[in-house]
Amino acid sequence: MNENTETQIEKKDMRKANIMIALILGLIAFSVAIMPFFYLRDQVM
Amino acid sequence: MSAVIHEDHHHDEPPRGFKRWLYSTNHKDIGTMYLIFALVMLFVGGAMAMLIRAELFLPGLQIVNPDLYNNLVTDHALVMIFGMVMPAAAGMANWMIPMMIGAPDMALPRMNNMSFWLLPAAAILLLASLFVQFIPGTGVPVNTGWTIYPPLSVQVGLGMDLLIFSVHLLGISSIMASINIVTTILNMRAPGMTMMKMPLFCWAWFFTGLLLIIVMPVLAGGVTMLLFDRHFGTSFFDAAGGGDPVLFQHLFWFFGHPEVYVLLLPSIGVLGLVIPTFSRKPLFGYKPLVYFMGFLFALGLVVWAHHQYTIGMSLGVTTYFMIGTILISIPIGLMIFNFIFTMWRGSITFETPMLFAIAIILMFSFAGVTGVMLAVVPADLQYHDTYFVVAHFHYALIPGAVFGLYAGVFYWLPKWTGHMYDEKLGKIFFWWTTLSFNLTFFPQHFSGLAGMPRRIVDYNIQYVEFNQISSIGAFAFGLSHLLFLYIIIKTVKGGEKAADKPWEGAQIGTPGLEWTLPSPPPFHSFTTPPKIQ
Ligand code: HEM
Ligand SMILES: [Cu+2]
Numbered sequence: 000m001n002e003n004t005e006t007q008i009e010k011k012d013m014r015k016a017n018i019m020i021a022l023i024l025g026l027i028a029f030s031v032a033i034m035p036f037f038y039l040r041d042q043v044m
Numbered sequence: 000m001s002a003v004i005h006e007d008h009h010h011d012e013p014p015r016g017f018k019r020w021l022y023s024t025n026h027k028d029i030g031t032m033y034l035i036f037a038l039v040m041l042f043v044g045g046a047m048a049m050l051i052r053a054e055l056f057l058p059g060l061q062i063v064n065p066d067l068y069n070n071l072v073t074d075h076a077l078v079m080i081f082g083m084v085m086p087a088a089a090g091m092a093n094w095m096i097p098m099m100i101g102a103p104d105m106a107l108p109r110m111n112n113m114s115f116w117l118l119p120a121a122a123i124l125l126l127a128s129l130f131v132q133f134i135p136g137t138g139v140p141v142n143t144g145w146t147i148y149p150p151l152s153v154q155v156g157l158g159m160d161l162l163i164f165s166v167h168l169l170g171i172s173s174i175m176a177s178i179n180i181v182t183t184i185l186n187m188r189a190p191g192m193t194m195m196k197m198p199l200f201c202w203a204w205f206f207t208g209l210l211l212i213i214v215m216p217v218l219a220g221g222v223t224m225l226l227f228d229r230h231f232g233t234s235f236f237d238a239a240g241g242g243d244p245v246l247f248q249h250l251f252w253f254f255g256h257p258e259v260y261v262l263l264l265p266s267i268g269v270l271g272l273v274i275p276t277f278s279r280k281p282l283f284g285y286k287p288l289v290y291f292m293g294f295l296f297a298l299g300l301v302v303w304a305h306h307q308y309t310i311g312m313s314l315g316v317t318t319y320f321m322i323g324t325i326l327i328s329i330p331i332g333l334m335i336f337n338f339i340f341t342m343w344r345g346s347i348t349f350e351t352p353m354l355f356a357i358a359i360i361l362m363f364s365f366a367g368v369t370g371v372m373l374a375v376v377p378a379d380l381q382y383h384d385t386y387f388v389v390a391h392f393h394y395a396l397i398p399g400a401v402f403g404l405y406a407g408v409f410y411w412l413p414k415w416t417g418h419m420y421d422e423k424l425g426k427i428f429f430w431w432t433t434l435s436f437n438l439t440f441f442p443q444h445f446s447g448l449a450g451m452p453r454r455i456v457d458y459n460i461q462y463v464e465f466n467q468i469s470s471i472g473a474f475a476f477g478l479s480h481l482l483f484l485y486i487i488i489k490t491v492k493g494g495e496k497a498a499d500k501p502w503e504g505a506q507i508g509t510p511g512l513e514w515t516l517p518s519p520p521p522f523h524s525f526t527t528p529p530k531i532q
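So the sequences go chain by chain: A and B. All residue numbers for the first sequence refer to numbering that gives the first Met the number 0, where the first residue is 0 and numbers rise by one. All residue numbers for the second sequence refer to numbering that gives the first Met the number 0, where the first residue is 0 and numbers rise by one.
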């Protein structure tokens, strides 16, 4: 919006890909975070 | 139409006032905030270290009571690791990676803002967990050490809950920062900037980011389970309820061992730039160095239990972790050789960053040697939980992580501020820190081998001399950082004007896009993608 058109095009191009990669990495992080909790089934609550 | 022009003008200049910082999505401003935050926390963690060393100057109790002492030990580690080294490295990543790869900014600038602003909140919680003990009725202070092992960590007071929430915020912050950095490196490189052309610092942060994404969530999960055990009647770590306290140790060190590479790797990345620059030779074996870091990344994930040899694992498991750990010294040793070969027959000059780099190679190798000693199970059964371990990891972390960051600070200060730092003061700072660092931690090898346990406020009379040398060294080490602060402030305020490329050898063997920008760089770095030859 503020820079010249060349960058604007490039920024628009990357935005989706950036979010995709971020989501994949976030999913990896989330899945490792919940892994320890699978010990829950062994617990006496 | 005029509105559009106005917009243009508005965005090329940094916004004024606090909004520039609070709402910032600019990688350089956020990088600066990270660096300032790290500098503040360096003094907070340093003050804790000074208290610890003052208490240990003599056996017996002088200044702090045992619980407060152990809380200081806990928070010194957490502040230095999460508050100082990691934010400083993230600040350098924010500042330099977009400029190195020719990107206009980080891939996800708004998330970048959030990653930073979670840190002050986390720091407040962490300090609250220390000070809450002075309010009556809040229970026992966090006297567990930074490893917060249950069952003790289930029994201590309110401070532990605050600490757990602080770790949550720190974890979210560094996971988001890592996602951002990895995405930036994958997606935002200028045309022609292939992965294998990136400066080593980018590769180092690439692996650091991946490591953090994999291990930080496990720590967050582990401390959440601790929180459940404390308040919600679960017994993940309580044998009486069918749980196992050793499970926490595995979760903690699955995070904790890779974490030491998280602290190390960014500094290795800095060395990969500083050493070629001041040797005026391309980096020796760039590609192998990338592979070594990849090897370190992979192997680093599967050797964690060398921190728990004493818990009674089966012979097979113990042997596996021992062999794995010893194998790690191979890529680390090879990296060191690559740096030495880079210097071989170079025309070396000894500016402050290079002095740090050379000292790092010497002192860090020493930590590698004590590391291999600790990796050997029968030996570690003797060394474990003594000052020998303290000496090992301070030799690994202060040269390996902290001095690497100092090298980075001196190397990039001209780029960041537009001024050269005072070389003479820089050299004085180098000699002062390096000598006092060795004075502090070298004797700890001996007190450790003689059996002095770590994390204890009092000690047997036989260790007095070693401890007094350590304390004197530590005070000198602490004091040297006032000079560091002075050098930085002086450079920010003024000084000799820095050229775009202040170091003659800076572009040798790398595209060096960051040096094609003015010093200091404009608010928006590359509005049009640069071309790589
Ligand atoms: C040759 C490579 C290395 C080997 C073989 C090695 C081995 C070990 C072993 C076996 C321990 C556990 C000692 C014990 O508690 O009994 C240990 C502790 C430690 N190491 Fe290393 N190490 C190496 C390099 C490093 C590096 C590069 C760093 C960081 C930059 C580091 C940081 C630490 C820390 C922080 C601890 C203590 C953690 C704690 O108990 O609080 N080490 N090391
Ligand atoms: Cu380890």
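Just so it is clear, CB atoms sit at the ideal spot from N, CA and C, and this is done for glycine as well.
- For the region 241-266 of chain B, the set of positions with a beta-carbon nearer than 8 Å to some beta-carbon of chain A reads 241, 242, 246, 250 in chain order.
- Between residue 251(B) and residue 242(B), the C-beta gap is not smaller than 8 Å, which leaves the two residues out of contact.
- For residue 24(A), a Cβ of chain B is located within less than 8 Å of the residue's own Cβ.
- Under the Cβ distance rule, residue 221(B) counts among the residues neighbouring chain A, one pair being separated by less than 8 Å.
- Look at residue 423(B) here: in three-state DSSP terms it is helix.
- Of the heavy atoms belonging to ligand 2, none sits nearer than 7 Å to the Cβ of residue 153(B).
- Within the chosen limit of 7 Å, ligand 2 reaches the beta carbon of residue 259(B) through at least one heavy atom.
- What residue 37(A) touches in chain B, judged by beta-carbon distance under 8 Å, is nothing: the nearest beta carbon there is about 10 Å away.
- Bridge pairing for residue 391(B): absent [DSSP].
- Runs of alpha helix (DSSP H) with 4 or more residues, each lying fully within the region 335-372 of chain B, are absent.
- Taking C-beta atoms as the reference points, residue 98(B) and residue 265(B) fail to come closer than 8 Å.
- Burial state of residue 344(B) is exposed, judged by a 10 Å Cβ sphere holding fewer than 16 other Cβ atoms.
- Looking at the backbone, the Cα of residue 179(B) and that of residue 107(B) are separated by about 6 Å.
- DSSP places residue 527(B) in the coil class of the three-state scheme, outside both helix and strand.
- Taking 8 Å as the cut-off, the beta carbon of residue 366(B) is found no closer than this to the beta carbon of residue 386(B).
- For residue 230(B), the uninterrupted alpha helix (DSSP H) segment begins and ends at 199-230.
- Residue contact check for residue 150(B) against chain A: no CB pair falls below 8 Å.
- Put simply, of 218(B), 182(B), 474(B), 502(B) the residue whose alpha carbon is nearest the alpha carbon of residue 202(B) is 182(B).
- With contact defined as three or more Cβ pairs closer than 8 Å, the region 53-72 of chain B and the region 453-464 of chain B are in contact.
- DSSP places residue 496(B) in the strand class (E or B) of the three-state scheme.
- Taking a 10 Å sphere around the C-beta of residue 80(B), we find 16 or more other C-beta atoms and assign the residue as buried.
- The Cβ atoms of residue 26(B) and residue 94(B) sit closer than 8 Å to each other.
- In the structure shown, residue 452(B) adopts extended strand secondary structure according to DSSP, grouped into three states.
- Three or more pairs of CB atoms, one per stretch, sit closer than 8 Å, so the region 425-439 of chain B contacts the region 474-488 of chain B.
- Neighbours of residue 178(B) in chain A, taken as residues whose beta carbon is under 7 Å from its own, are 21, 24, 25 in chain order.
- Closest option to residue 510(B), judged by alpha-carbon separation, among 473(B), 96(B), 49(B): 96(B).
- Taking a beta-carbon distance threshold of 8 Å, residue 182(B) counts as an interface residue toward chain A.
- At least one beta carbon of chain A lies nearer than 8 Å to the beta carbon of residue 212(B).
- Against residue 174(B), the close residues of chain A are 28, in the order they occur along the chain (beta-carbon pairs closer than 7 Å).
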